[in-house]
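The numbers in this note's numbering rise by one with no breaks, and the one at position 67 of the sequence shown is 136. Just so it is clear, CB atoms sit at the ideal spot from N, CA and C, and this is done for glycine as well. To start, the structure itself, in structure tokens.
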Amino acid sequence: MGLFSDFIEGAINSAINFNDKDHLLKILCLVIYADSGNASAQDIQMATELYNTMFPNESMIAVQIQKKLKLAYQDICNSNKSPEEIIKDIETGRIDRNKLKIFFICACCTALVNMEVELNNKKLYMVYLIKVGFNLTDDEVNDAYLFAKNNFGLNNMMYQNIVTALEEAFEYFDNNDFDEED
């Protein structure tokens, strides 16, 4: 329990700066726009909730988040960088591991926003790239899952379903190249 409480304390107490907001929006963009240039209302709502959870002193409404996501997406497109390069830029920047874990779990939640209807393989693959690009260890991934369970109101069944879906996807992508047909 000590490791987890250190994670939470470190994440909450570490200074939030503009780059953190920028990095979170880029991570959310990579997942939200993984399969098209459009974001669903559910995607925007999830992004808004995640942003406001991360930055409660500077909360925004969905319309503002949608505009910020569009700007971040345009910046990504204009940079001519691959998703892997963008992820690596964030990972190698001046950011602590706790924030990377939180950004990772935000990506997971965003990818699974329509889990009851259908899993989106392109979004799951983008989350996989984020996990690999951030060089997250199994312990760090488990910390991130526990953070979501304890802070995003997941009951045990939802938690188990999310972890199972993500771990199955990660195992698949560890052993197979991404295929649009999957």
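Secondary structure of residue i, DSSP reduced to three states
| i | result |
| --- | --- |
| S148 | helix |
| Y102 | coil |
| I174 | helix |
| A108 | coil |
| L205 | coil |
| D246 | coil |
| N224 | coil |
| M123 | helix |
| I164 | coil |
| M129 | coil |
Span of the alpha helix (DSSP H), counted from its first residue to its last, around residue i
| i | result |
| --- | --- |
| M184 | Where M184 is concerned, there is no enclosing alpha helix (DSSP H), given that its DSSP letter is neither H nor E. |
Closest Cα partner of residue i within the set the options
| i | options | result |
| --- | --- | --- |
| Q174 | D158, T161 and V232 | A quick correction: the sequence has Ile, not Gln, at residue 174. Comparing Cα-Cα distances from I174 to each of D158, T161 and V232, the minimum goes to V232. |
| K191 | E160, N147, A180 and D212 | A180 |
| V100 | E209, I155, A217 and D208 | I155 |
| C146 | V210, K95, F172 and V196 | K95 |
| N167 | D212, Y120 and K90 | D212 |
| D112 | Q229, A238 and N183 | N183 |
| A217 | T122, D91 and S105 | T122 |
| D144 | L205, H92 and F124 | H92 |
| D246 | L198, I159 and D104 | L198 |
| L140 | S128, E185, G162 and A108 | A108 |
| Y120 | G162, V186, A176 and D165 | A176 |
| A103 | I171, L193 and V186 | L193 |
| C98 | T117, Y142 and N126 | Y142 |
Alpha-carbon spacing of residue i relative to residue j, whole angstroms
| i | j | result |
| --- | --- | --- |
| P152 | N244 | 20 Å |
| Q229 | M115 | 20 Å |
| V132 | N219 | 28 Å |
| N189 | M195 | 10 Å |
| F221 | G106 | 27 Å |
| S148 | D207 | 31 Å |
| Q135 | K90 | 14 Å |
| C178 | K150 | 24 Å |
| L138 | L169 | 19 Å |
| K157 | L205 | 12 Å |
| P225 | T161 | Contrary to the premise, residue 225 reads as Asn rather than Pro in this sequence. C-alpha separation (whole angstroms): 34 Å. |
| Y241 | M129 | 36 Å |
| K200 | A110 | 25 Å |
| I159 | D165 | 10 Å |
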